[in-house]
Each structure stands twice: as C-alpha cells, then as structure tokens.
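Heads up: the sequence shown begins at 30 in my numbering, then just goes up one per residue.
For each residue, glycine too, the CB sits at the ideal point set by N, CA and C.
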Amino acid sequence: MKDSLPALSSRRVRRISGAAGLLYPLLGACLWAAAVGYKPVIIVHGLFDSSGDFKDLQRFINESHPGTNVSVIDLFDRSSSLQPMWKQVEGFKEAIHPIMQNAEDGVHFICYSQGGLICRGILSTLNDHNVQSFISLSSPQAGQYGDTDYLRYLFPQFVKSNLFHLCYTSVGQRISICNYWNDPHHRDMYVDSSDYLALLNSERSNPNSTEWKKNFLKIKKLVLVGGPDDGVITPWQSSQFGFFDDNDTVVEMQHQDMYLRDVFGLKTLGARGDLIICSVPGVEHVYWHSNETVFHLCMEKWLV
Numbered sequence: 030m031k032d033s034l035p036a037l038s039s040r041r042v043r044r045i046s047g048a049a050g051l052l053y054p055l056l057g058a059c060l061w062a063a064a065v066g067y068k069p070v071i072i073v074h075g076l077f078d079s080s081g082d083f084k085d086l087q088r089f090i091n092e093s094h095p096g097t098n099v100s101v102i103d104l105f106d107r108s109s110s111l112q113p114m115w116k117q118v119e120g121f122k123e124a125i126h127p128i129m130q131n132a133e134d135g136v137h138f139i140c141y142s143q144g145g146l147i148c149r150g151i152l153s154t155l156n157d158h159n160v161q162s163f164i165s166l167s168s169p170q171a172g173q174y175g176d177t178d179y180l181r182y183l184f185p186q187f188v189k190s191n192l193f194h195l196c197y198t199s200v201g202q203r204i205s206i207c208n209y210w211n212d213p214h215h216r217d218m219y220v221d222s223s224d225y226l227a228l229l230n231s232e233r234s235n236p237n238s239t240e241w242k243k244n245f246l247k248i249k250k251l252v253l254v255g256g257p258d259d260g261v262i263t264p265w266q267s268s269q270f271g272f273f274d275d276n277d278t279v280v281e282m283q284h285q286d287m288y289l290r291d292v293f294g295l296k297t298l299g300a301r302g303d304l305i306i307c308s309v310p311g312v313e314h315v316y317w318h319s320n321e322t323v324f325h326l327c328m329e330k331w332l333v
C-alpha cells in the first residue's frame, strides 16, 4: 500500500533544511543566553541628555548579549540635568536600587559623561550595591576645565579662567557643572567650595571617606573610556583621572595624588588588575554611546 502522505519535493526539502539552518543557531543563541544569564545593565545619561538618546547602545548590547535586561534611567533629562549632583545621585539611587535588589548576581553600570560622576556618587554612598562592571564613558572623573560649547551656552559671560567666580559660591554649587568644575589655578577655592567632586576624590576632609572607599571597591571592574578627539571633556584625560597642574600640563592618573595615596581605591583596583583604560581616537563627545566600534572595543567583554 502506498503511503497516504505526499512525498516532499526536493525543493521543499531544501527550503525546510535552509530554514532549520537559520533556526538552529538562533535557538542555540537563545538557550546560551538563558544559560549564561547576562547581568542587567543600567545606563545613566549625561548633561542635557535623555533616556531616548541611548537606543543605539541598547541595540548593541542586545545584539551581542541576547536577553540582557537594559534599563536607561529616565530622570533629570535635558535642562533638569543641571540640578545639583547630590540631588541627582539620590534620585538615580532610588530608581536603581530596586533593579539591583532583583538581580541576584549583580548588575553592570554604563554611565556617560556627567552620568559617570553621578554613578561614582551612587557607588560610594550605597552600602549594599552589587555593581560588577562600572563603565565610565567619557566622564570628567577628575573634573572639567575648558572653554567648550557647553560652557559658552550655559555661561555666555564667562570663560574658563573666570568661571570660578560663580562656581565656587553657594549659588554656583546649585548647578551640576559647578559641582565638578576644577580650576587648577584656584585649587584652594575648589577644595574649600566643591560640594561634590572634592568630596568624592577625598581632596576635602570627608568623615565618610573610609566607608565610601569600601563601597566603591565592591565593583569588580572599572573601565575608563575616553579619547583625544572628544572635544568636550577638558582635558580629555580627565575621563581617565588625568588632569591639569597649575601650569596647564596634564598629569596622568598614575601620578595624581588621589591615585598615589589610594584615597578612594584607584590604586587598589590597579593592583587587583581591575582598572581598565580604553582610549579611542576619532570619537567626538556626543557619539561615544552610538559608536559600535567603541562598544566592541571598550564595553562588550565587561557586560557578562
């Protein structure tokens, strides 16, 4: 008796085989993602940004690490990003903490520009954080001192040499950028007046410095991303904890007092092998989070 099912044509068999050839790798990737269980990624934006500016970065993450839960925190967008840094730290902390509590194996931070300093505030003051990789993406970690378009827009009557007249006052310290404005020619005023960066860097007496250092050192990796063509972070080496001396000469991180005295853990991270420097030329400031090459070179491997 003949089989009641029609025979499959060779063309149809080829189509099915081809579909299976595409399906099996995809299925395998999904099973791999489920088995690996990529840690959630939390993204914190920078000055004048909003959560909607990070769609490219979200796509890069999901293409390279399928199934990753990516949260771009939608707070202090656009002009609200000028609010004082400690206020932003508390707001972002409140939004981020539940994500951390639901992530048994920890989370990763990608923090862009001003957001990198906000994330340092969170990492220093949150005792029970579980951040594994902290990727600081073109962030003025050692401060900002430059005549940029941002400065001319915000303070048209000032240039870098006289902005200290505003920033190092109680009024100026209500503006986020003044919280990390670091004038190398008025060092004493910066240390005495900075309510944010000078405390984070323990350049100003801080009774919480030991606890903050302990909290910060809970991270597994610190990845410092920046480059010479940034055009906004000034000097660009500030993204990697380098900064000007009083002669406007850049002193690299390893020769900075904050590193040599290990005041908040940089030297310890270096000794552990957990301090990664990633410098990429040819990238302007506004493109760091949408540049796929930067993602693959500097971020991808630390998001597992």
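For residue i, three-class secondary structure by DSSP
i    : result
Q112 : coil
Y225 : coil
S268 : helix
L304 : strand
Q173 : strand
I151 : helix
V323 : helix
K296 : helix
G120 : helix
F193 : helix
V315 : helix
Through-space distance from residue j to residue i, alpha-carbon basis
i    : j    : result
I262 : C140 : 14 Å
S231 : M114 : 16 Å
D277 : P213 : 8 Å
L180 : A300 : 37 Å
H215 : F184 : 19 Å
E321 : M328 : 10 Å
V252 : R290 : 20 Å
G66  : S268 : 30 Å
I206 : K68  : 31 Å
Assigned exposure category for residue i - 16 Cβ within 10 Å defines buried
i    : result
G96  : exposed
D221 : exposed
V118 : buried
H74  : buried
K243 : exposed
H325 : exposed
H158 : buried
G144 : buried
G255 : buried
For residue i: DSSP bridge partner residues
i    : result
K250 : S162
H137 : V70
V101 : I72
W210 : Q173
Cβ distance (whole Å) where residue i is taken to contact residue j below 8 Å
i    : j    : result
W331 : I164 : 6 Å
K249 : Q161 : 5 Å
G120 : L104 : 5 Å
heavy atom of the ligand NAP below 7 Å from residue i C-beta
i    : result
N131 : Absence of the ligand NAP is noted for the structure shown, with no ligands found whatsoever.
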